[in-house]
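Right, one structure below, let's go through it.
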Amino acid sequence: MMTLGADGSALLTAVFGPGQQINEVTLFAKAARTHDVVAVGETELLTLTQTEYQRFSEQHPEIVHALLVSNVHRVHQLVEALNDLRALPKAVVLARVLLKNARHQRGTSSTNCVELGLTQDDVAMFLGVSRAYLNKVLGGLSELGLIKVSYRKIAVLDLTALETWIQDHLTYDPVELFEARDAPAGK
1 MMTLGADGSA
11 LLTAVFGPGQ
21 QINEVTLFAK
31 AARTHDVVAV
41 GETELLTLTQ
51 TEYQRFSEQH
61 PEIVHALLVS
71 NVHRVHQLVE
81 ALNDLRALPK
91 AVVLARVLLK
101 NARHQRGTSS
111 TNCVELGLTQ
121 DDVAMFLGVS
131 RAYLNKVLGG
141 LSELGLIKVS
151 YRKIAVLDLT
161 ALETWIQDHL
171 TYDPVELFEA
181 RDAPAGK
């Protein structure tokens with residue numbers, strides 16, 4: 001999801017994956033769409049009008065709770081991202097972005113090394129930094145042996161080591177720690 005400027009600039013706001021919803025602000029708050037979405041790879045999208053959503057939620061009331069929970073998590077993650085950008089060194093912010101994307105991309109696989117589907121341009125746009133600055137920060141993480149950078153690609157070499165490095169540099173407990181702690185057994 002991104003915001004496109006009148007001057008042609010773009011600011012990457014979020015990367016979504018399977019099962020996630022977007023643009024519920026237009027549905028519930030009747031607000032104008034403020035972001036554009038670009039699909040990368042095979043994508044299936046379900047769209048609902050206000051009337052269709054109303055009918056669907058009446059037939060399946062559990063969807064209302066599911067959307068509420070999803071949006072509460074998203075708000076918590078946004079507050080956390082804001083805290084990251086304001087309080088943490090860019091290397092830690094970058095490492096958290098890479099780790100979250102690697103975990104998401106890995107899915108249920110047990111692999112500890114993940115080549116990301118994000119380019120360096122994507123990451124720079126997401127963090128709101130120049131490619132030159134991003135390359136400097138990527139170089140630092142690469143020197144630590146946590147990631148590997150090649151032409152237009154970034155690979156997380158060891159998710160466990162990257163997570164440990166992040167934990168050593170955080171000043172608060174991240175939202176995913178609470179999600180893991182509060183998850184029902186077997187999930």
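If you read the sequence shown in full-length UniProt numbering, its first letter stands for residue 1, the second for the next number, and so on.
The beta carbon of each residue, even a glycine, is placed where N, CA and C say it ideally should be.
- Where Ala-95 is concerned, there is no enclosing beta strand (DSSP E), although the alpha helix (DSSP H) around it starts and stops at 90 to 106.
- Under the three-state reduction of DSSP output, Leu-4 falls in the strand class.
- Bridge partners of Asp-36 according to DSSP: Met-2.
- Remark: C-beta atoms of Leu-82 and Ile-166 do not approach each other more closely than 8 Å.
- Between Ala-102 and Leu-159, the beta carbon gap of about 6 Å places them in contact (Cβ cut-off 8 Å).
- When only Cα atoms are considered, Leu-162 and Thr-49 end up about 42 Å apart.
- Shown here, Ile-22 sits in coil according to DSSP, grouped into three states, outside any helix or strand.
- Beta-bridge annotation (DSSP): Val-149 is paired with Ile-154.
- Bridge pairing for Glu-115: Ala-155 [DSSP].
- Contact annotation: the region 36 to 52 does not touch the region 70 to 78, with fewer than three C-beta pairs closer than 8 Å.
- Exposed is the label assigned to Arg-55, since fewer than 16 other Cβ atoms lie within 10 Å of its Cβ.
- The criterion of a C-beta distance shorter than 8 Å is not satisfied by Val-93 and Ala-155.
- Under the DSSP assignment, Ala-124 falls in the alpha helix (DSSP H) whose first and last residues are 120 to 127.
- Leu-127 is the residue among Leu-127, Thr-111 and Leu-118 whose C-alpha sits nearest the C-alpha of Arg-86.
- Of the candidates Ala-124, Thr-111, Val-38 and His-60, the residue whose Cα lies closest to the Cα of Gly-17 is Val-38.
- The beta carbon of Arg-96 sits closer than 7 Å to those of Asp-84 and Ile-166, all from its chain and outside the five residues before and after it, given in chain order.
- Counting only the Cα atoms, His-35 lies some 23 Å from Val-64.
- In this structure, Ile-147 sits away from Leu-134, with a CB-CB distance that is not shorter than 8 Å.
- Closest in alpha carbon position to Met-1, among Ala-91, Leu-67, Thr-171 and Val-123, is Val-123.
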